[in-house]
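Engineer:
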Amino acid sequence: MRKLLIITLLAMGSTMFAQNTKNLTEDVVNSIRDNYKQKSEADKGIRNALSNNDVRSLAVNRDVVGKADHQFKYKADVKGICDQKSSGRCWMFTGLSSLRPQIIKDKDLGGFEFSQNYLYFWDMFEKSNLFLEIILQNADKPLDDRTNEWALHNPIGDGGVWNSFANLVEKYGLVPNTVMPETYHSNNTSWLNQLLSRKLREDAMQLRDAKAQKMAPKKIDEMKYNMLCEVYRYLVLFLGEPPTEFKYRFEKEEAYKDYTPMSFFKEFFPNYKTSDYVMLMNDPSREYNKVYEIEFDRNVLEGKNWLYVNLPADELKKAALASLKDKEPLYSSCDVSKFLSKNDGTLDVNNFDFESLLGMKFGMDKATRIRTFDSGSSHAMLLVAVDVDDKDVPTKWQFENSWGSSYGHNGYLTFTDEWFNEYMFRIVVNKKYLSGEVQKMLDQKPIVLPPWDPMFAPEN
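Here the working numbering is used: position 31 in the sequence shown is 32, and no number is missing along the way.
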């Protein structure tokens, strides 16, 4: 009986103490200090090491060091590594890189790049127009309305996703890199973005005032037109003016040929249709086998919103494997910072052992990491290779990155199939590589999601 009473009192005391830990009172802090004293001697060596070293270097898992294997059974024919420098245009570089192999093969070139600056100009111009239209459409709502807050928080930016690339190519075509080369501010976009965002916010307030004063729609249209003229001039100052026509010749060709951006695109990609491609997502925080659309998540007013089919990871792998067997690379995106070893160019959940070093368990699954903002797609790269076992089951994959050839393994990143499960999110694949069941899903009416959802930050 006495033993039972003691246990009961201890339990009550523990509960009472727990109920008083809402605030970090002196008693609570002292109790936590006392709790740590029991571990402090054992932690001394770890504390000293962490005080003087990067935690990642201390957590390197020696079991995988030196075991990187960059050989693959199936690989697309790709040549050359691009460099997005200090910009958030990974999605654009990836989209353009998906087209490079065909033109390199057709023209027997040692290498080739499309002008990223050309598409960047039109991306910024179109995003400015879209922003002003969103402001006008929501001018009757208060500034703290969720849509207005979202728009004003980031009027424009150089991030994007697959549909951003598709919208631009369909409307503006393509030009070679030498026709509109990079500038300092296409390579280093922060100030261009910052100053243009400031001006667009100012324009937004003027348009809201005009609507509040019941100004005639024709007058408001004139205001917006003048604002866009100013934006165009601003972009020309930073990036140069995009060509409407140009002369160009390839290696080994003697004569120049006249092109427009659209005729150049159509000549070399006559059968290419962005509508032939679909984005597949692996987001276990949402229902699988459904089509989703992200409201306002586009760069061109009349363009396509972000649309995808949510599927288990194994379904993404099946489609990717089929595409790579045909030597067709895929636009893809992932949470690139997780378990990245830039020295050997690998992404492996076993690259770092933080749990053993810190004596701390990290147990969230992919769905929970998404819901709590711990993980999400942050970077787009071209998926170019896959290796398989003797049963044709994938064991590892490879990205072509856009951070220059000195990063990773000569510009490439190899990742394990396990890492694919945990941190790969999206691929864009030709519909011909989809199963009949997945193709039928494309007929669904999309479930519309808000652009401020944690999964839908632009990739950069």
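C-beta atoms are modelled at their ideal positions from N, C-alpha and C, and glycine is treated no differently.
Could you give the distance in angstroms between the alpha-carbon of S116 and the alpha-carbon of S41?
Structural biologist: S116 and S41 have their C-alpha atoms roughly 57 Å apart.
Engineer: Considering only the alpha carbon of each residue, which of F251, N62 and Q72 lies closest to P177?
Structural biologist: The shortest C-alpha separation from P177 is found at F251.
Engineer: Give the single residue among K142, E423 and D418 whose Cα lies nearest to the Cα of R209.
Structural biologist: With respect to the C-alpha of R209, the residue from K142, E423 and D418 having the closest C-alpha is K142.
Engineer: How should R234 be labelled, buried or exposed, when 16 other C-beta atoms within 10 angstroms of its C-beta is the threshold for buried?
Structural biologist: exposed
Engineer: What is the DSSP secondary structure of L281, counted as helix, strand or coil?
Structural biologist: strand
Engineer: If you reduce the DSSP assignment to three classes, tell me which class I428 lands in.
Structural biologist: strand
Engineer: Leaving out five residues on either side along the sequence, give the residues of the same chain with a beta carbon under 7 Å from the beta carbon of F126.
Structural biologist: V232, Y233 and L236
Engineer: Which value, in whole angstroms, describes the spacing of the CA atoms of M382 and E246?
Structural biologist: 30 Å
Engineer: Taking the straight line between their C-alpha atoms, what separation do you get for L358 and I47?
Structural biologist: Distance between the alpha carbons of L358 and I47: 8 Å.
Engineer: Please look up how many angstroms separate the CB atoms of N194 and M442, rounded, as I've assumed it's under 8 Å.
Structural biologist: In fact, because the Cβ distance is near 36 Å, the residues do not count as touching under 8 Å.
Engineer: Report the residue ranges of all beta strand (DSSP E) runs contained in full by the stretch 74-98; include only those spanning at least 3 residues, in chain order.
Structural biologist: none
Engineer: For Q72, count neighbouring C-beta atoms within 10 Å of its own C-beta (all shown protein chains included) and say buried if the count is 16 or more, exposed if not.
Structural biologist: Counting the other Cβ atoms within 10 Å of the Cβ of Q72 gives fewer than 16, which makes it exposed.
Engineer: Closest Cβ-Cβ distance between A69 and chain D: below 9 Å?
Structural biologist: The structure shown contains no chain D; it holds only a single protein chain.
Engineer: Would you call the stretch 332-351 and the stretch 439-453 touching, i.e. three or more CB-CB distances under 8 Å?
Structural biologist: no
Engineer: What span of residues does the beta strand (DSSP E) with W307 cover, start to end?
Structural biologist: W307 to N311
Engineer: For R199, is the classification buried or exposed, using 16 other Cβ atoms within 10 angstroms of its Cβ as the cut-off for buried?
Structural biologist: exposed
Engineer: Using only CA atoms, which one of L308, E438 and S407 lies nearest to I428?
Structural biologist: L308
Engineer: Roughly how many angstroms separate the alpha carbons of C83 and K305, rounded to a whole number?
Structural biologist: If I take the Cα positions, the gap works out to 27 Å.
Engineer: Is it buried or exposed, D366, if we count other Cβ atoms within 10 angstroms and call 16 or more buried?
Structural biologist: exposed
Engineer: What number of angstroms, rounded off, separates the C-alpha of Q214 from the C-alpha of I157?
Structural biologist: 27 Å
Engineer: Along the alpha helix (DSSP H) that carries W192, what are the first and last residues, could you check?
Structural biologist: S191 to A213
Engineer: At 4 residues or longer, and completely inside the stretch 38-74: list those alpha helix (DSSP H) runs for me, N to C.
Structural biologist: Listed in chain order, the complete alpha helix (DSSP H) runs (minimum 4 residues) inside the stretch 38-74 are 56-60.
Engineer: Which two residues bound the contiguous beta strand (DSSP E) that contains T415?
Structural biologist: For T415, the uninterrupted beta strand (DSSP E) run begins and ends at Y413 to T417, by DSSP.
Engineer: Go ahead and pull the three-state DSSP assignment for K291.
Structural biologist: Three-state DSSP puts K291 in a strand.
Engineer: Buried or exposed: L434, going by 16 or more other Cβ atoms within 10 Å of its Cβ?
Structural biologist: The question names Leu, but residue 434 is Tyr in the sequence shown. The residue is buried, with at least 16 neighbouring Cβ atoms inside 10 Å.
Engineer: Under 9 Å between the Cβ atoms of I104 and F113?
Structural biologist: yes
Engineer: For H380, list the residues DSSP reports as bridge partners.
Structural biologist: C335
Engineer: Quick check: the Cα distance between W420 and L348, rounded to an integer number of angstroms?
Structural biologist: 7 Å
Engineer: In terms of DSSP beta bridges, what is K258 paired with?
Structural biologist: Y249
Engineer: Classify E183 as helix, strand or coil using the three-state DSSP reduction.
Structural biologist: coil
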